[in-house]
Amino acid sequence: MKLRIALLAALLVAVLPGQADAAPADTISADRATVRDYPGRLVLANATRGDAVEVQGYCGEWVRIRVSPGHAMATPVGWVLRGHLTRASQSGGLDGVPERCGDDAERWRDWVGAINAPFRSLRQVDGLWRRITFGTGVNLAAGCVLSLNYTRVADGPDRVDPAQAVPGLDMTKVSYRYVTTDGAVALVAAPRPGASYNVWGFVPSECLQPKHRDHVYFDEPVVQLQNISGLRTGVGYSDETIRARGCTGALVSPTQPRFGYWVDPVPANRPPCPV
24 MKLRIALLAA
34 LLVAVLPGQA
44 DAAPADTISA
54 DRATVRDYPG
64 RLVLANATRG
74 DAVEVQGYCG
84 EWVRIRVSPG
94 HAMATPVGWV
104 LRGHLTRASQ
114 SGGLDGVPER
124 CGDDAERWRD
134 WVGAINAPFR
144 SLRQVDGLWR
154 RITFGTGVNL
164 AAGCVLSLNY
174 TRVADGPDRV
184 DPAQAVPGLD
194 MTKVSYRYVT
204 TDGAVALVAA
214 PRPGASYNVW
224 GFVPSECLQP
234 KHRDHVYFDE
244 PVVQLQNISG
254 LRTGVGYSDE
264 TIRARGCTGA
274 LVSPTQPRFG
284 YWVDPVPANR
294 PPCPV
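In the numbering used here, each residue carries its 1-based index in the sequence shown increased by 23.
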């Protein structure tokens, strides 16, 4: 009998190789979880409550997942907050999951054609330089409504998914972040009336209209720094401070110039510091 049990166990191992190495399964527990290109950075899509996910790695409080959604998503792969997952949010919920800090740092290149301001950037306000950590205020054309997701198709431009519209937002407080690589879809944010947080969603880029400036992006002088560590929001910094931190100019997007800047050009392509 013992020999038969041993043989059966060996057979199961042989038939199901690598099962122990399978990525942990989980689900989205939040009503909405932003799926980002890199921990804490650009939103690429939105997962919704109940979406099944495969956990692939973690970095701090961010978890890399692959989503199996029952709805349209331009990409099912990205990073979500650990607290937005059912099992991973619990103690020991990431046991055995590999740490993957550093993965996907350049993934934005597959999704972003132009951005309101490049990474590690400051804009000039009343002669001083202030960190940019938010979208640019814009108006939306009449009838435009945010959608949680958009799709990509082989024979045409990116398309916003009307089945995932987000009504009931304060459309007087819309901010713009980026357009997709083909320029057809824009990522924007707006709060619910009275809320202190934004809902990230997508609209056709033709919906974007400037608000209190000439363009939908930051069109005042903008600089990109090599080192932004320690610079606080809401504080104005001098020309000397930014020059000391490896200052360069912001490069307007070579493919979608109407919508802002190239996110993070290689050093050789960055314009000189304007001060």
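All C-beta atoms in this analysis are idealised placements derived from N, C-alpha and C, irrespective of residue type, glycine included.
Inter-residue distance for Arg200 and Cys124 is about 24 Å (C-alpha atoms, whole angstroms). For Thr264, the enclosing alpha helix (DSSP H) stretches over residues 262-266. In the displayed model, Asn250 falls within coil according to three-state DSSP, outside both helix and strand.
Counting every other CB atom within 10 Å of its CB across the protein chains shown gives Gly166 a total below 16, marking it as exposed.
At a Cβ-Cβ threshold of 8 Å, Arg72 and Tyr81 do not count as neighbours. Taking Pro180 as reference, the option from Val208, Met194, Asp118, Ile155 with the minimal CA-CA separation is Val208. Residue pairing from DSSP places Tyr199 in a beta bridge opposite Thr159, Val211. Ranked by Cα distance from Phe157, the options Val197, Ala186, Tyr61 are led by Val197. Distance between Val258 and Val298, taken at the CA atoms: about 18 Å. Beta-bridge annotation (DSSP): Glu122 is paired with Tyr81. With three or more CB-CB distances shorter than 8 Å, the region 107-115 counts as touching the region 52-60.
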